[in-house]
Structures are given as C-alpha cells and as structure tokens.
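Peer 1: The sequence shown begins at -19 in our numbering and counts up by one.
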Amino acid sequence: MLEGKHIILGITGGIAAYKSAMLARLLIKAGAEVQVVMTPSAKEFITPVTLSALTGKPVVSEFFTANTGEWHSHVDLGLWADAMVIAPATACTIGKMASGVADNMLVTTYLSAKAPVFVAPAMDLDMMAHPSTVRNLATLRSYGNHIIEAASGELASHLTGKGRMQEPEVIVAELERFFASTSQLAGKKVLVTAGPTYEKIDPVRFIGNYSSGKMGYAIADEAARRGAEVTIVSGPVSIKPTVPGVRVVNVESARQMLAACEEAFSQTDIAIMCAAVADYAPANPADRKIKREKEDVPVINLVKNPDIAATLGARKQPGQSLVGFALETDNEHANALDKLRRKNLDMIALNSLRDAGAGFGTDTNVITLIDATGAETRLPLMPKTEAAACILDAINNL
Ligand code: CTP
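In structure tokens, the structure reads:
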C-alpha cells in the first residue's frame, strides 16, 4: 500500500525522536519515498545525517540553506506529499499546528499540506492530560487530522502513564490501513443522509428532533477525504462539510429527503443513513399560522413518514451497500438486528442512549457495528470524526 507513496515525516523535539529513524526505515522498506522535515529542536535528539542516510534525501529544517540562500518551498512539499506524518509530535508543535503558529518549516509545511496528516503525540503523562493538549488534539481532529493515540507505559521522566509515541510498526500499519481504504473508496459515489427532518405544523412551527448532523457530516467529510464523490442529503443543521467538494442537498421534511435520496441512489455505491428522520408528520399542515386566541387547543393528526432506508433497501442492487444507524434505549442488539433485516441493510451502527457520550448533539459517540450475520464489533468512546473513519473501514471490510 505504501509503494511509491510520498511521505513527509515531520520530527519534533522529543525523546521519542530516536524512534523516528526506525519509522523512516520501515517506510522506505515498504516502498515509500520519505522526506524528513525536522524542527530545530528535533536535531538535539537525532541528527539529520542519520535521517538523510536512511531516506536518501537531505533533511529539510530551515526555510533557507544558509550558505546558498536556496529557499525550501513548503508549498511544493505540501503538494508533493501523499501523506504527512508527524512523529513524535510534541505538545508545543501540536499547539502550533492547532493555532497556525507557522514559525518553523514543519508547521508551515503542515499548513500547506493538501494530503492527509497523521499525528503521533509523545510527551509526559501530565502534559498529555493537560486540558490545553486535550483541546489542541481535539482541534486537530476537527481539521480532519488523524491522531495516532499515544500508548501507556514507562516514560522518559520514569513516570508511568499515557504519553509514549506509538511504535513505528503501529504507525506504519495505520498508514497502510488508511491507503488501503482510500484506494477502495477513491472514485466511489457515497450518499449520506444527516441531521433531523422538520415536519411542518403551520408556516412557523414544526415537529423535529435534536439531531445535530455531526455524525453524518463527519462520515461525509471522511469519505471525501478518502477520494469518494460524496452527496450529503441534509436536514436543517447549523454545520457545513469541512472538506471541499462534498455536495450538499438541503431538505427539510422526510418526504423531501426521500425524493433527494431516490434521485441519487441509482448512481450510488454506498449509502449511509445517518439522518434522524421524523417517524410522523402532521397530516394537514395549516397554510396560516395557527392562532392561540381564536382556536381551541388544536389537535394535530399525524401520518406515517416514508422509511427512507427501507425504500432504498428494497431497491438495492448487487454491488450497492446500504448502512443504517439505530438509536436504542433498551434491548439494543436485537432491535438493531431487526432494523438491519427489515430495511435490508448491510451493516447497522448501533448507539445506545445508555452509553454516556453517545447520541444527539455530542462530539463523541459509542458505536457497535453489526453486520448482516449478526456479528458485532464494539468501538470505544471516541470523537465522531474517528468513529466516521472506523465506520468507513468497516464498510470496506464488508
Ligand atoms: N430511517 C429512515 N427513514 C425513516 C426512519 C429511519 O431512513 N423514516 C433510517 C435512519 O436514518 C437510520 C435507520 O433508519 O439509519 C433507523 O432509524 P431509527 O430511527 O433508529 O429507526 P426507526 O425505523 O425509526 O424505528 P424506531 O423509531 O421505532 O426505533
């Protein structure tokens, strides 16, 4: 998967920089071309000579070569790369990346990079747990960067806890997994539904729900990052895709959402139903605002909305994949499996409202993936952006 890939290996000033030599070697062995970009303080921990010998390319660290005045273009580097890996990433560099402090070649290259970015933090446990680091890492995740979580163990300070840079083999495996899923999703047409639906009562009122759309938008962004052609059919939400090129079709009601999905579905390879579709709509929405003074307490008769996932499930052709979500409060596995079968889904992502950190409005989710055989994979609590990556990986493996 890494054969011929252009990888920028960013190295910052932490003890774990000694492992970066092994990482460079593994990447080269896997067939990648590696360009090392070091921060000035990284050179205190590992010499550029070691890294240029391993990669066969001079290490870049300064904006200019002092004696010749040659300018090192971070823009060209950013365009050259298929991926940028920053390992180790210190708290300082993570903070600079989060807030755009481009005072060295590494951070400028990061800001110019169009390719996916992988960040392997390494620091002492207290620095790792500090709200500043936690917030900065969350910011990087919100930019779509992939965080390769630090491991727990003995640290350079001789304290024990979370903060060890992941082993080079783990980082390489993460890159390979990413490129594998990218090659599977590249050029594929992905349809995502997201957000709530609003069902009109009168011109100023509706029946809706608290869905924020965050999970669906995270999936749409991640699929686009992996090279898919993405359409998101979205109910009313206050967010936008962060990745350029994602097509948004704005709808309000379940019926409008169904119409937009039906139009797109025949051209779709993978449809992921994240929307919290209202199950019922007012049967006769009023043309004019229902007035409080003149009328008795109004009775709103409801009609059943169409089931979008089930409609697409009934039309699914071989080669198309359909994935749904299930939000349950009890009897979770059985209810989710029943939904999967009724709607002819290939996989369902189950959220239980019993799990803290899951559900509407949160930035995190706890998901259990269930396939058509009933086999389940429970993912830990993680940001919706990472859950999106896991869901797309699982779809690839179907
Ligand atoms: N769904 C849909 N159209 C609907 C209702 C649900 O496309 N009218 C999709 C959702 O986007 C989700 C899946 O079906 O992917 C399950 O949604 P959920 O609300 O959990 O299930 P319901 O079928 O509405 O069942 P219930 O509300 O009884 O749990």
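Think of the CB as a built atom: it goes at the ideal place given N, C-alpha and C, for glycine as much as any other residue.
For the beta strand (DSSP E) containing THR348, name the first residue and the last one.
Peer 2: Residues 347 to 351.
Peer 1: On a Cα-Cα basis, can you pick out the residue from ALA95, ASN264, GLN297 that is closest to ALA204?
Peer 2: Cα-wise, what sits closest to ALA204 is ALA95.
Peer 1: Could you tell me the alpha carbon to alpha carbon distance between GLY80 and ILE(-9), rounded to whole angstroms?
Peer 2: Straight-line Cα distance between these residues: approximately 17 Å.
Peer 1: Taking TYR190 as the reference, give the member of ALA256, VAL346, ASP373 with the closest Cα.
Peer 2: It is ALA256.
Peer 1: What are the boundary residues of the beta strand (DSSP E) that includes SER92?
Peer 2: Where SER92 is concerned, there is no enclosing beta strand (DSSP E), although the alpha helix (DSSP H) it sits in stretches over 85 to 92.
Peer 1: Quick one: using the 10 Å Cβ neighbour count with 16 as the cut-off for buried, is VAL303 buried or exposed?
Peer 2: When all chains shown are included, VAL303 counts as buried.
Peer 1: Below 8 Å on the Cβ atoms is my contact criterion, and I expect SER161 with ASP310 to pass it. Report the Cβ-Cβ distance as a whole number of Å.
Peer 2: 34 Å between Cβ atoms; not a contact.
Peer 1: In the DSSP output, what is HIS126 paired with across the bridge?
Peer 2: Paired residue(s): PHE98.
Peer 1: Tell me the rounded alpha-carbon separation between THR35 and THR19.
Peer 2: Roughly 17 Å between the two C-alpha positions.
Peer 1: Could you name each continuous beta strand (DSSP E) segment of 3 residues or more that falls completely within the segment -13 to 68, going from the start of the chain to the end?
Peer 2: Complete beta strand (DSSP E) runs here, min 3: 13 to 18.
Peer 1: I need the boundaries of the alpha helix (DSSP H) containing GLY75, first residue and last residue.
Peer 2: Per DSSP, GLY75 belongs to the alpha helix (DSSP H) from 71 to 79.
Peer 1: Between SER92 and GLY124, is the Cβ-Cβ spacing less than 9 Å?
Peer 2: No, they are not a contact pair.
Peer 1: Within 8 Å, do at least three Cβ pairs link the segment 185 to 202 to the segment 5 to 22?
Peer 2: Segments in contact, no.
Peer 1: Between ILE212 and the ligand CTP, is there a pair consisting of the residue's CB and a ligand heavy atom that are separated by less than 8 Å?
Peer 2: Answer for ILE212: no, Cβ out of range of the ligand CTP.
Peer 1: Which same chain residues, not among the five before or five after GLN164, have their C-beta less than 7 Å away from its C-beta?
Peer 2: Only ASN376 meet the Cβ criterion.
Peer 1: Going along the chain, which unbroken runs of the alpha helix (DSSP H) with 4 or more residues stay wholly within the segment 258 to 319?
Peer 2: If we require 4 residues or more, the alpha helix (DSSP H) runs fully inside the segment 258 to 319 come out as 288 to 295.
Peer 1: Measuring straight from C-alpha to C-alpha, what distance separates HIS110 and ALA78?
Peer 2: Looking at the two C-alpha atoms, the distance is approximately 15 Å.
Peer 1: According to the neighbour-count rule (16 or more other Cβ atoms, all chains shown, within 10 Å of its Cβ), is VAL279 buried or exposed?
Peer 2: With fewer than 16 Cβ atoms within 10 Å of its Cβ, VAL279 is classed as exposed.
Peer 1: Could you tell me which residues DSSP pairs with LEU361 in its beta bridges?
Peer 2: Answer is none; LEU361 lacks a bridge partner.
Peer 1: Give me the residue from LEU378, GLU366, CYS370 with the minimum Cα distance to ALA118.
Peer 2: Measuring from the Cα of ALA118, the nearest candidate turns out to be GLU366.
Peer 1: Considering ARG144, what are the terminal residues of the beta strand (DSSP E) in which it resides?
Peer 2: Run containing ARG144: 140 to 144, per the beta strand (DSSP E) assignment.
Peer 1: Could you name the residues of the same chain whose beta carbon sits closer than 8 Å to that of ARG121, not counting the 5 residues immediately before and after it, in chain order?
Peer 2: So the list reads ILE127, PRO363, THR365, GLU366, once near-sequence residues are dropped.
Peer 1: What is the DSSP secondary structure of GLY167, counted as helix, strand or coil?
Peer 2: Coil at GLY167, not helix or strand.
Peer 1: Taking DSSP's pairing of strands, which residues face ARG227 in a bridge?
Peer 2: Paired residues: THR211.
Peer 1: Quick one, which of GLY193, SER137, ARG144 has its alpha-carbon nearest VAL217's?
Peer 2: Ranking the options by Cα distance to VAL217, first place goes to GLY193.
Peer 1: Since PHE245 is in the alpha helix (DSSP H), which residue starts that stretch and which ends it?
Peer 2: Segment 234 to 245, the alpha helix (DSSP H) holding PHE245.
Peer 1: Taking the straight line between their C-alpha atoms, what separation do you get for LEU333 and GLU308?
Peer 2: Cα-Cα distance, rounded: 6 Å.
Peer 1: Got a sec: does the ligand CTP put a non-hydrogen atom nearer than 8 Å to the Cβ of ASN315?
Peer 2: For the ligand CTP, at least one heavy atom lies less than 8 Å from the Cβ of ASN315.
Peer 1: Thinking C-beta only, is GLY(-6) closer than 9 Å to THR70?
Peer 2: Closer than 9 Å, so yes.
Peer 1: CB-CB under 6 Å to VAL210, same chain, minus the five flanking residues each way: which ones, in chain order?
Peer 2: Here the set comprises VAL170, ALA200, ALA203, ALA204, VAL226.
Peer 1: Please look up how many angstroms separate the CB atoms of ILE8 and ASP62, rounded, as I've assumed it's under 8 Å.
Peer 2: Actually they do not touch by this definition, with Cβ atoms about 15 Å apart.
Peer 1: From ILE288 to ASP56, what distance separates their C-alpha atoms?
Peer 2: Approximately 46 Å, taken between the alpha carbons.
Peer 1: Could you name the residues of the same chain whose beta carbon sits closer than 8 Å to that of TRP51, not counting the 5 residues immediately before and after it, in chain order?
Peer 2: Excluding residues within five positions, the ones whose Cβ falls inside 8 Å are PHE43, PHE44.
Peer 1: For a test of your reading of the model: does the CB of LEU165 fall under 8 Å from any non-hydrogen atom of the ligand CTP? Yes or no.
Peer 2: No, the Cβ of LEU165 stays beyond 8 Å of every heavy atom of the ligand CTP.
Peer 1: DSSP on ASP182, reduced to helix/strand/coil?
Peer 2: Reduced to three states, the DSSP call for ASP182 is strand.
Peer 1: VAL29 to LYS(-1), Cα distance in whole Å?
Peer 2: Approximately 15 Å, taken between the alpha carbons.
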